[in-house]
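Visitor: The structure that follows is given in the form of structure tokens.
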Amino acid sequence: MKKKPVVSVIMGSDSDLTTMMNAADTLRKFGIAYELKISSAHRTPEKTAAFAKNAKKKGIKVIIAGAGGAAHLAGVIAAHTTLPVIGVPMETVLDGVDSLLSIVQMPAGIPVATVAVGKAGAINAAILAVQILGVSSSTINKKLEDHKKELIKKVEAKNKKIETTVLVTKQDRGKTRKNKKS
Ligand code: C2R
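In terms of numbering that gives the first Met the number 0, the sequence shown opens at residue 0 and continues consecutively.
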């Protein structure tokens with residue numbers, strides 16, 4: 000049976016889809032059921048408000064909202080729900096600074112947890128959502144611990160690669176230079 004979504008991944012337009020798929024793919028890696036939707040606080044204001052008001056009743060626990068430019072989507076959703084909302088600023092013609100400031104500068108009382116611009120932000124939004132879910136689930140928390148171990152392994156592998164390629168080549172170059180002198 001298909002699991003009921005617990006995370007909503009919402010975006011302002013289909014032009015955000017490539018970036019927001021990074022959030023969806025990350026949730027899938029952690030085995031978290033999600034829904035993926037387009038909704039715009041500007042273009043479909045009523046639908047956006049209705050979505051935010053109903054999300055909790057549907058069983059959604061965290062909302063990830065990606066938008067670009069005058070990015071009001073995450074803030075408007077946060078205004079209509081008590082669920083945690085994570086905002087992902089899209090890269091734009093202004094390098095995403097417009098999206099970032101629009102999402103991060105919420106007035107006191109209505110928080111939106113704002114992550115980095117673009118792909119890294121979309122991935123981190125998903126991990127943050129998993130961490131929120133992990134507070135009350137030891138199974139999810141174990142997956143997060145494994146994820147951290149995986150990160151350590153990847154950095155160690157990169158260090159080994161540097162040691163065996165860059166440093167070795169440097170030493171070889173040194174030897175060649177010495178040989179030339181003698
Ligand atoms: P189009 O490509 O459809 O013109 O959209 C979208 O998130 C997208 O990055 C351009 C950009 O407009 C953004 N958009 C918002 C909102 N709705 C759409 N920022 C909103 O409600 O905040």
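Ideal placement from N, C-alpha and C gives every residue a C-beta, glycine not left out.
For Val129 and Glu162, what's the separation of their Cα atoms in angstroms?
Guide: Mapped onto the sequence shown, residue 129 falls at position 130. Mapped onto the sequence shown, residue 162 falls at position 163. Their Cα atoms are separated by approximately 35 Å.
Visitor: Looking at the structure shown, is Thr80 part of a helix, part of a strand, or coil, going by DSSP?
Guide: Here the question's residue 80 lines up with position 81 in the sequence shown. Reduced to three states, the DSSP call for Thr80 is coil.
Visitor: Can you give me the C-alpha to C-alpha distance between His71 and Glu155, rounded to a whole angstrom?
Guide: If you number the sequence shown from 1, residue 71 lands on position 72. If you number the sequence shown from 1, residue 155 lands on position 156. Rounded to whole angstroms, His71 to Glu155 spans 40 Å at the Cα level.
Visitor: Would you say Gly117 touches ligand 1, meaning its beta carbon is less than 7 Å from a heavy atom?
Guide: Your numbering for residue 117 matches position 118 in the sequence shown. No, Cβ of Gly117 sits at least 7 Å from all heavy atoms of ligand 1.
Visitor: Using a Cβ-Cβ cut-off of 8 Å (strictly less than) and excluding sequence neighbours within five positions of Ile131, which residues of its own chain qualify?
Guide: Taking the first residue of the sequence shown as 1, we reach residue 131 at position 132. Lys60, Val61, Pro83.
Visitor: Taking only the alpha-carbon atoms, compute the straight-line gap between Ala78 and Asp97 and give it to the nearest angstrom.
Guide: Position 79 of the sequence shown, counted from the start, is the residue given in the question as residue 78. Position 98 of the sequence shown, counted from the start, is the residue given in the question as residue 97. Spanning the two alpha carbons is a distance of roughly 20 Å.
Visitor: Excluding five sequence neighbours on each side, which residues of the same chain lie with their C-beta closer than 6 Å to the C-beta of Leu99?
Guide: Taking the sequence shown and counting its residues from 1, one reaches residue 99 at position 100. Closer than 6 Å at the Cβ level, and outside the excluded window around Leu99, lie Pro88, Val116.
Visitor: For Phe29, which residues from the same chain have a beta carbon less than 6 Å from its beta carbon, with the 5 sequence-adjacent residues on both sides left out?
Guide: Numbered from 1 along the sequence shown, position 30 holds the residue referred to as residue 29. Same-chain partners within the cutoff: Val129, Lys142.
Visitor: In its own chain, which residues sit with a C-beta less than 7 Å from the C-beta of Ala54, not counting the 5 before and 5 after it?
Guide: Here residue 54 corresponds to residue number 55 of the sequence shown, with the count starting at 1. Excluding the 5 residues flanking it on each side, Ala54 has same chain C-beta neighbours closer than 7 Å at Ser7, Ile62, Thr80, Leu82, in chain order.
Visitor: Is it true that the CB of Thr113 sits closer than 8 Å to the CB of Gly95?
Guide: Taking the sequence shown and counting its residues from 1, one reaches residue 95 at position 96. Taking the sequence shown and counting its residues from 1, one reaches residue 113 at position 114. No, these two residues do not count as a Cβ contact at 8 Å.
Visitor: Quick check: the Cα distance between Thr43 and Ser12, rounded to an integer number of angstroms?
Guide: Residue mapping note: residue 43 aligns to position 44 of the sequence shown, counting from 1. Residue mapping note: residue 12 aligns to position 13 of the sequence shown, counting from 1. Roughly 11 Å separates the two Cα atoms.
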